[in-house]
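K.L.:
UniProt numbering applies: residue 1 is where the sequence shown begins, and numbers increase by one. Every residue, glycine too, gets a C-beta built ideally from N, C-alpha and C.
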Amino acid sequence: SILMLILPLNEDLPIRLTDMFGEIQSPNFPDSYPSDSEVTWNISVPDGFKIKLYFMHFDLESSYLCEYDYVKVSSEDQELATFCGRETTDTEQAPGQQVILSPGPYMGLTFRSDFSNEERFTGFDAHYTAVDVDECLEKSDEELACDHYCHNYIGGYYCSCRFGYILHSDNRTSQTACTASSWRRVSSSP
Ligand SMILES: [Ca+2]
Ligand SMILES: [Ca+2]
């Protein structure tokens, strides 16, 4: 019961989101956001998915290089974008119609406001959805997902082989390879 009293007061704890889609809003949205505020959301989806994020509304105080109020989007240790203002200028970037895609199944979003919000900026309304990774398209030529044929499906992929070959799974490396079927060679010889 002590923990239950303490946890809601700790505003620094990131908010964990694990659904396949969701909405993220600045504090008090659609009213103006409070000063001196910092909130982090950590999104995670299953392996085999990426996260697509976009903004339906964005209205933050503008500042040089977004040093006052900002929304930062990251994935693990990689920073994907920093946004502020209402429109993109030489020194600051607003999301507009931009879609941000995570490289893997994790995305973090941090909202931060400085000590003042005099113009009553209304903040942001963002949405995320999990999108399938097409492993058949995304693997490079040197590192093909499958020996012969690759079949993408939502949340994963599988491999198959040309006629006369069988799929061989190497449990140690979890790689699949196609090897000529010895049974076919024997049975088709005259
Ligand atoms: Ca501010
Ligand atoms: Ca897939």
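Return the first residue and the last residue of the alpha helix (DSSP H) that leucine 137 is part of.
P.N.:
Residue mapping note: residue 137 aligns to position 137 of the sequence shown, counting from 1. Unbroken alpha helix (DSSP H) run through leucine 137: 135-138.
K.L.:
Give me, in chain order, the residues of the same chain whose beta-carbon lies closer than 8 Å to that of valine 99; leave out the 5 immediate sequence neighbours on both sides.
P.N.:
Walking along the sequence shown from the start, residue 99 turns up at place 99. So the qualifying residues of the chain are Lys52, Leu53, Tyr54.
K.L.:
With asparagine 117 as the anchor, note down where its beta strand (DSSP E) starts and where it stops.
P.N.:
For this step, residue 117 is matched to residue 117 along the sequence shown. Where asparagine 117 is concerned, there is no enclosing beta strand (DSSP E), given that its DSSP letter is neither H nor E.
K.L.:
Checking 9 Å against the spacing of the C-beta atoms, do proline 30 and threonine 122 come in under that value?
P.N.:
One-based indexing of the sequence shown puts residue 30 at position 30. One-based indexing of the sequence shown puts residue 122 at position 122. The answer is yes: Cβ separation under 9 Å.
K.L.:
Express the C-alpha separation of valine 45 and tyrosine 153 in angstroms, rounding to a whole number.
P.N.:
Your numbering for residue 153 matches position 153 in the sequence shown. Your numbering for residue 45 matches position 45 in the sequence shown. When rounded, the distance between both Cα atoms is 16 Å.
K.L.:
In whole angstroms, what is the alpha-carbon distance linking valine 186 and valine 73?
P.N.:
On the sequence shown, position 186 is the one that residue 186 refers to. On the sequence shown, position 73 is the one that residue 73 refers to. No answer about valine 186 holds up, because its pLDDT of 48 lies below 50 and its placement is not dependable.
K.L.:
Quick one: does the C-beta of alanine 29 sit closer than 8 Å to a heavy atom of ligand 1?
P.N.:
Against the sequence shown, residue 29 aligns to sequence position 29. Contrary to the premise, residue 29 reads as phenylalanine rather than alanine in this sequence. No, Cβ of phenylalanine 29 sits at least 8 Å from all heavy atoms of ligand 1.
K.L.:
Pull up the CB-CB distance for serine 113 and serine 35, whole angstroms please, since I reckon it's below 8 Å.
P.N.:
To locate residue 113, count along the sequence shown from 1; it is residue 113. To locate residue 35, count along the sequence shown from 1; it is residue 35. About 6 Å separates the two Cβ atoms, so the contact holds.
K.L.:
Starting from the Cα of glutamine 78, find the closest Cα among Phe58, Phe163, Leu109 and give me that residue.
P.N.:
For the purposes of this step, residue 78 is taken as the residue at position 78 of the sequence shown. Cα-wise, what sits closest to glutamine 78 is Leu109.
K.L.:
Is glutamate 23 buried or exposed, if buried means 16 or more other CB atoms sit within 10 Å of its CB?
P.N.:
Numbered from 1 along the sequence shown, position 23 holds the residue referred to as residue 23. Answer is exposed; the Cβ neighbour count stays below 16.
K.L.:
For threonine 82, which of His57, Met56, Gln97, Phe111 has the nearest alpha-carbon?
P.N.:
Here residue 82 corresponds to residue number 82 of the sequence shown, with the count starting at 1. Closest option to threonine 82, Cα to Cα, is Phe111.
K.L.:
For glutamate 166, which residues does DSSP report across the bridge?
P.N.:
Residue 166 sits at position 166 when you count from the first residue of the sequence shown. Per the sequence shown, residue 166 should be read as isoleucine rather than glutamate. Bridge partners of isoleucine 166: Thr179.
K.L.:
For glycine 48, which residues in the same chain have their Cβ closer than 6 Å to its Cβ, ignoring the five residues on either side in sequence?
P.N.:
Against the sequence shown, residue 48 aligns to sequence position 48. Val133, Gly155, Gly156, listed in sequence order.
K.L.:
Put glutamate 23 into one of helix, strand or coil per three-state DSSP.
P.N.:
Here the question's residue 23 lines up with position 23 in the sequence shown. Strand at glutamate 23.
K.L.:
Go ahead and label glycine 164 buried or exposed: buried means 16 or more other beta carbons lie within 10 angstroms of its beta carbon, across all protein chains shown.
P.N.:
One-based indexing of the sequence shown puts residue 164 at position 164. Glycine 164 should be labelled exposed.
K.L.:
In the DSSP assignment, find the unbroken beta strand (DSSP E) run with threonine 91 in it and report its ends.
P.N.:
As a position in the sequence shown, residue 91 is number 91, starting the count at 1. From DSSP, threonine 91 is part of no beta strand (DSSP E); its letter is neither H nor E.
K.L.:
Name the residue from Glu76, Gln97, Asp69 whose alpha carbon lies nearest to the alpha carbon of valine 39.
P.N.:
Translated into the one-based positions of the sequence shown, residue 39 becomes position 39. The residue with the shortest Cα to Cα distance from valine 39 is Asp69.
K.L.:
Heavy atom of ligand 1 less than 8 Å from the Cβ of asparagine 152, yes or no?
P.N.:
Within the sequence shown, the letter at position 152 stands for residue 152. Because no heavy atom of ligand 1 lies under 8 Å away, the Cβ of asparagine 152 does not count as near it: no.
K.L.:
Would you say the beta carbon of aspartate 69 comes nearer than 8 Å to a heavy atom of ligand 3?
P.N.:
In the structure shown, ligand 3 is absent; the only ligands present are ligand 1 and ligand 2.
K.L.:
Taking 6 Å as the limit between beta carbons, can you name the residues of its chain near serine 189, skipping five residues before and five after?
P.N.:
Taking the sequence shown and counting its residues from 1, one reaches residue 189 at position 189. Confidence at serine 189 is low in this model, with a pLDDT of 47, below 50, so its placement is unreliable and the value that follows should be read with caution. Taken in chain order, the list of residues that qualify is empty.
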